[in-house]
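Q:
Number of protein chains: 2
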Amino acid sequence: MAAPAPLSPLAPRKYPTLPSIEGVRFATAAAGVRYAGRTDVMLALFEAPATVAGVFTRSKCPSAPVDWCRANLAQGHARALIVNSGNANAFTGGVGADAVAHVAQAASKATGAVAEQIFMASTGVIGEPLDAGKIAGVLDGLRASARPDGLMDAARAIMTTDTFPKVATARVKIGEAEIVINGVAKGAGMIAPDMATMLAFVFTDAAIAAPALQGLLAKSVERSFNCITVDSDTSTSDTLMIFATGAAARRGAPAISDRADPRLVAFRRALDKLLLDLAHQVVRDGEGARKFIEIKVEGAKSRKAAKRIAMAIANSPLVKTAAAGEDANWGRVVMAVGKAGEKAERDKLDIYFGRIRVAHEGLRDPAYDEAEASAYMKKPEIKITADLGIGRGRATVWTCDLTKEYVAINGDYRS
Amino acid sequence: MAAPAPLSPLAPRKYPTLPSIEGVRFATAAAGVRYAGRTDVMLALFEAPATVAGVFTRSKCPSAPVDWCRANLAQGHARALIVNSGNANAFTGGVGADAVAHVAQAASKATGAVAEQIFMASTGVIGEPLDAGKIAGVLDGLRASARPDGLMDAARAIMTTDTFPKVATARVKIGEAEIVINGVAKGAGMIAPDMATMLAFVFTDAAIAAPALQGLLAKSVERSFNCITVDSDTSTSDTLMIFATGAAARRGAPAISDRADPRLVAFRRALDKLLLDLAHQVVRDGEGARKFIEIKVEGAKSRKAAKRIAMAIANSPLVKTAAAGEDANWGRVVMAVGKAGEKAERDKLDIYFGRIRVAHEGLRDPAYDEAEASAYMKKPEIKITADLGIGRGRATVWTCDLTKEYVAINGDYRS
Chain A
1 MAAPAPLSPL APRKYPTLPS IEGVRFATAA AGVRYAGRTD VMLALFEAPA TVAGVFTRSK
61 CPSAPVDWCR ANLAQGHARA LIVNSGNANA FTGGVGADAV AHVAQAASKA TGAVAEQIFM
121 ASTGVIGEPL DAGKIAGVLD GLRASARPDG LMDAARAIMT TDTFPKVATA RVKIGEAEIV
181 INGVAKGAGM IAPDMATMLA FVFTDAAIAA PALQGLLAKS VERSFNCITV DSDTSTSDTL
241 MIFATGAAAR RGAPAISDRA DPRLVAFRRA LDKLLLDLAH QVVRDGEGAR KFIEIKVEGA
301 KSRKAAKRIA MAIANSPLVK TAAAGEDANW GRVVMAVGKA GEKAERDKLD IYFGRIRVAH
361 EGLRDPAYDE AEASAYMKKP EIKITADLGI GRGRATVWTC DLTKEYVAIN GDYRS
Chain B
416 MAAPAPLSPL APRKYPTLPS IEGVRFATAA AGVRYAGRTD VMLALFEAPA TVAGVFTRSK
476 CPSAPVDWCR ANLAQGHARA LIVNSGNANA FTGGVGADAV AHVAQAASKA TGAVAEQIFM
536 ASTGVIGEPL DAGKIAGVLD GLRASARPDG LMDAARAIMT TDTFPKVATA RVKIGEAEIV
596 INGVAKGAGM IAPDMATMLA FVFTDAAIAA PALQGLLAKS VERSFNCITV DSDTSTSDTL
656 MIFATGAAAR RGAPAISDRA DPRLVAFRRA LDKLLLDLAH QVVRDGEGAR KFIEIKVEGA
716 KSRKAAKRIA MAIANSPLVK TAAAGEDANW GRVVMAVGKA GEKAERDKLD IYFGRIRVAH
776 EGLRDPAYDE AEASAYMKKP EIKITADLGI GRGRATVWTC DLTKEYVAIN GDYRS
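Note that the protein sequences, when read in sequence, are chains A and B. Last residue of the first sequence: number 415 in this note's numbering, and the count goes up by one each step with no gaps. Last residue of the second sequence: number 830 in this note's numbering, and the count goes up by one each step with no gaps.
Set out below in structure tokens:
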């Protein structure tokens, strides 16, 4: 999990500058959890309790910090977030729960917050006991060094096999007040639907009550993190949380308690866009990825059917290896449509690579030019569209190709 | 699909001699469907109508020959089976159906059988029109050259990316008469549950009515071909058929019409074993495979839950790349158990590699010796057991590792 890989060819050309958000400061430290010579712990420290919402892995074997966060989410407020890389504290049983409690107690002591308002996430190896003392040992230093502009460094501290830090930012108005939304994420492997993040954290100075925040997040994640897949594997640690400091209220932002409040329209749109941006960055940094692939299914019986078919295409090793080989292999797309188990009629199916229709109504398109399709497949970003022609359901998901580098990253690390 | 790959390291050391079966003869020809310099069509010719049963892909976009076989299975008898490699005649619409009808008519003319009793299967590229004339053109020669001992050659003619022919044989008594069962299969890629074959054909001289044969086959496939996966992808062409010539009746074998007939006990057991053998051979020849992996799930809530969890482990790219890397990475097994969506309790889960217990009740086993586990993982055949400790459901499935060669075979073939 630790060897530095070359920068993904799909990495963004430049990173946005993340403006400070009133009410929260960030710090990082090198606690030596597993890695040497790099930061591996981040702290987000809230001046006053921030409202908080979260969605987590659907794994039946979640990590200890996921259990902790779920249990403490109901009270709705956060004073601190502590995230470490290098060790996921997953499948560590009672010892893992003790480690979480240990860090929470230490953080409570260092910050004066109640333990229930300390949230945590861990990413890295599974099944190894987490040395809580290493994290507890850096908390005083983290508190002392926390700065409003420390989020970019925090994004780097939570990386594992990621080849670039994932950040996004937006400015939007609620009422007359301008508010800021910043987000960070890490991903790389074990990325699959139903919380495909590994970890993502969003911070805003908006004043939004926790239940409304939860509603916004749950809806937004459906069209972003739940629509990406790298390898169909689901982490035990997937965590997406949003924290709202409410500090914008001092500049006249209204306090919002209903997620359907019309004053949230711009915020909601910006949050959707920001989460989708972060989700795409996770795919762009998929282990070994060289192609960013958008898969659109149209004309299905329902949105649900469309999504299931799109995910069958996105998770098909044969589609993904064909993309790696720059082959417009629509036969494999048909295969994946067929295996999804949803209604499909061979004789109504159209398949496009980009704008090139390669199959039409159950046959290879007579007008299809293989040279044109081959040229298209050389691009780093590919769109595959399957139009089923039997209904109005549509869905879009994103994935990357399956390369020898993926196998090397996940199979060669010990040899 | 065509480049010859080096022999799988998991190939059998030697092939059994296939005894002749009364009432059926085999022939092969090089029709040039796609490949040059090799046979690519096989014919099985039945002296008198054989009873027939079959199970097929669950793909919603099945191939034209699958449609044909399904439609003609109800009348229960076969006079000929024609199989070609090189072109799957899948996603070829009306043209594909016409090609099947064309071959059936030509075979009917060549053999004197009615077209409905001609069964067909095709494997190879998808979406390319099949030149039925090429197959029709070799039928007279096939009929003329058909021999009782031609099945091994037939097994070679239906290979695509297979690196070895897959055959199995058994002798068993029904009543006082000894009968023979022979089987051939081809596989390699697009191998997944719910008919994981691509193609398999079984021949016997037993006298068993078609409905009973269908019942036997459907049951047997549940614990064999439906329990293997190479890459989670499901072909549009998966076909498994069994043909019973009934010729053993001349030697006193009873005619059986009920699949629960107690005289079938030995036959049923032999058929189960033979199908499992063929299914295992398909996995052993999985594209790029270097490890044959048995995955056993015990202590689940039900057999269905156990199978779903076993398949989640077997299809996990991270488990499969870890196996390729010879890493006893039980954390990834936990991950796969967790993502299966079935009930699991972290604190009751035990995981074994071979007989080495690596995780016990939610924690790394304190007695676990990494060196011993590493040595075990170097073997070509690996067993992974997950004991959930919450019920009595159990299931066993088989898969192979995910190697760079898999990616090369499926991604590099055009470059």
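Here a beta-carbon is modelled for each residue, glycine too, at the ideal position from N, C-alpha and C. Bear in mind the structure is a predicted one, so any value in this text is a computation, not a measurement.
Of the choices A:Ala74, A:Arg357, A:Arg156, whose alpha-carbon is the least far from that of serine 374 (chain A)?
A: For the residues A:Ala74, A:Arg357, A:Arg156, the minimum Cα distance to serine 374 (chain A) belongs to A:Arg357.
Q: Here's the rule: buried if 16 or more other CB atoms are within 10 angstroms of the residue's CB, otherwise exposed. What is glycine 112 (chain A)?
A: Glycine 112 (chain A) should be labelled exposed.
Q: Where does the unbroken beta strand (DSSP E) through serine 537 (chain B) begin, and where does it stop?
A: Segment 533-540, the beta strand (DSSP E) holding serine 537 (chain B).
Q: Just the chain B side, please: which residues come within less than 9 angstroms of methionine 335 (chain A) by C-beta, in chain order?
A: Chain B residues near methionine 335 (chain A): Ser474, Cys476, Ala505, Phe506, Ile541, Met605, Asp648, Thr649, Ser650, Thr651.
Q: Thinking C-beta only, is alanine 395 (chain A) closer than 8 angstroms to leucine 349 (chain A)?
A: No, they are not a contact pair.
Q: If I'm right that phenylalanine 119 (chain A) touches methionine 241 (chain A) with Cβ under 8 angstroms, what's the distance once you round it to whole angstroms?
A: Going by Cβ atoms, the distance from phenylalanine 119 (chain A) to methionine 241 (chain A) rounds to 6 angstroms, so yes, they are a contact pair.
Q: Just to confirm my understanding: we take phenylalanine 471 (chain B), look at its own chain, exclude 5 residues before and 5 after, and list those with CB closer than 8 angstroms. What are they?
A: So the list reads Pro477, Val481, Cys484, Arg485, Met610, Asp653, Thr654, Leu655, once near-sequence residues are dropped.
Q: Using beta carbons (cut-off 8 angstroms, strictly below), is arginine 779 (chain B) in contact with chain A?
A: So, interface residue.
Q: Going by the beta-carbon positions, is the gap between arginine 25 (chain A) and glycine 150 (chain A) smaller than 8 angstroms?
A: Their beta carbons are under 8 angstroms apart, which means arginine 25 (chain A) touches glycine 150 (chain A) by this criterion.
Q: Short of 8 angstroms in beta carbon distance, which residues of its chain neighbour isoleucine 550 (chain B), apart from the five on each side in sequence? Order them along the chain.
A: Hits under 8 angstroms: Ala446, Val448, Val456, Ile497, Asn499, Val518, Ala521.
Q: Please list, in chain order, all residues of the same chain as proline 9 (chain A) whose beta carbon is under 7 angstroms from its beta carbon, the five residues on each side excluded.
A: Around proline 9 (chain A): Arg290, Pro380.
Q: Give me whichever residues DSSP pairs with leucine 778 (chain B) in a beta bridge.
A: Note: leucine 778 (chain B) sits in a beta bridge opposite B:His775.
Q: Excluding the 5 residues preceding and the 5 following alanine 11 (chain A) in the sequence, name in chain order all residues of the same chain whose CB lies nearer than 8 angstroms to its CB.
A: These residues qualify, in order along the chain: Thr163, Phe164, Arg284, Asp285.
Q: Below 8 angstroms between beta carbons: does that hold for serine 302 (chain A) and glycine 393 (chain A)?
A: Yes, the pair counts as a contact, with Cβ atoms nearer than the cut-off.
Q: So which residues of chain B does tryptophan 330 (chain A) contact, with C-beta pairs closer than 7 angstroms?
A: What tryptophan 330 (chain A) touches in chain B: Gly542.
Q: Which residues of the region 692-719 of chain B have a Cβ closer than 7 angstroms to any Cβ of chain A? Give them in chain order.
A: Listed by position, the residues of the region 692-719 of chain B near chain A (Cβ gap below 7 angstroms) amount to none.
Q: On the DSSP letters alone, give me the boundaries of the beta strand (DSSP E) that phenylalanine 682 (chain B) sits inside.
A: No beta strand (DSSP E) contains phenylalanine 682 (chain B), which is instead part of the alpha helix (DSSP H) from 680-699.
Q: Could you give the DSSP three-state label for valine 138 (chain A): helix, strand or coil?
A: Three-state result, valine 138 (chain A): coil.
Q: Less than 8 angstroms separating the beta-carbons of phenylalanine 428 (chain A) and isoleucine 174 (chain A)?
A: Summary: the structure shown does not reach residue 428 (chain A), with chain A confined to residues 1 through 415, and so no result is reported for it.
Q: Roughly how many whole angstroms lie between the Cα atoms of alanine 310 (chain A) and tryptophan 330 (chain A)?
A: Each residue's alpha carbon lies about 14 angstroms from the other.
Q: Arginine 809 (chain B) lies in the alpha helix (DSSP H); which residues open and close that run?
A: Premise fails: arginine 809 (chain B) lies in the beta strand (DSSP E), 808-815, not in any alpha helix (DSSP H).
Q: Closest by CA to glycine 598 (chain B), which one among B:Ala627, B:Ala715, B:Ala592, B:Met567?
A: Among B:Ala627, B:Ala715, B:Ala592, B:Met567, the Cα nearest to that of glycine 598 (chain B) belongs to B:Met567.
Q: If the cut is a Cβ gap below 8 angstroms, which residues of chain A does valine 389 (chain B) touch?
A: Only positions 416 to 830 of chain B appear in the structure, and residue 389 (chain B) is not among them; the question remains open.
Q: Would you say lysine 343 (chain A) reaches chain B, if we count a Cβ-Cβ gap shorter than 8 angstroms as a contact?
A: Taking Cβ atoms only, chain B reaches closer than 8 angstroms to lysine 343 (chain A), which makes this a yes.
Q: Going by C-alpha to C-alpha distance, which of B:Gly438, B:Glu757, B:Val734, B:Asp762 sits closest to phenylalanine 768 (chain B)?
A: Considering only alpha carbons, the answer is B:Val734.
Q: Tell me the residue span of the alpha helix (DSSP H) that contains alanine 743 (chain B).
A: Where alanine 743 (chain B) is concerned, there is no enclosing alpha helix (DSSP H), given that its DSSP letter is neither H nor E.
Q: Smallest Cα separation from histidine 360 (chain A): which of B:Thr432, B:Ala495, B:Phe506?
A: It is B:Phe506 whose Cα lies nearest to the Cα of histidine 360 (chain A).
Q: Exposed or buried, which one is leucine 213 (chain A) when buried takes at least 16 other CB atoms within 10 Å?
A: It is buried - the Cβ of leucine 213 (chain A) has at least 16 other Cβ atoms within 10 Å.
Q: Just checking, does the region 509-517 of chain B make contact with the region 541-550 of chain B on the three C-beta pairs under 8 angstroms criterion?
A: With the cut-off at 8 angstroms, the region 509-517 of chain B and the region 541-550 of chain B touch.
Q: Taking DSSP as the reference, what is the three-state secondary structure of threonine 526 (chain B)?
A: In the structure shown, threonine 526 (chain B) sits in a helix (DSSP, three-state: H, G or I).
Q: Anything in chain B within Cβ reach of proline 65 (chain A), meaning under 8 angstroms, just list it in chain order.
A: Neighbours of proline 65 (chain A) on chain B: none; closest Cβ ~13 angstroms, over 8 angstroms.
Q: How would you list, in chain order, the residues of chain A whose beta-carbon sits under 9 angstroms from the beta-carbon of aspartate 546 (chain B)?
A: Chain A residues near aspartate 546 (chain B): none, gap ~14 angstroms exceeds 9 angstroms.
Q: From the DSSP output, which residues share a beta bridge with asparagine 597 (chain B)?
A: Beta-bridge pairing links asparagine 597 (chain B) to B:Thr584, B:Phe618.
Q: Would you kindly check if the distance between the Cβ of alanine 170 (chain A) and the Cβ of alanine 253 (chain A) is under 8 angstroms?
A: No, these two residues do not count as a Cβ contact at 8 angstroms.
Q: Use the C-beta contact count for aspartate 646 (chain B): other C-beta atoms within 10 angstroms, 16 or more gives buried, fewer gives exposed.
A: Per the 10 Å Cβ criterion, buried.
Q: Output, in chain order, the set of chain B residues within a Cβ distance shorter than 7 angstroms of leucine 402 (chain A).
A: In chain order: Val822.
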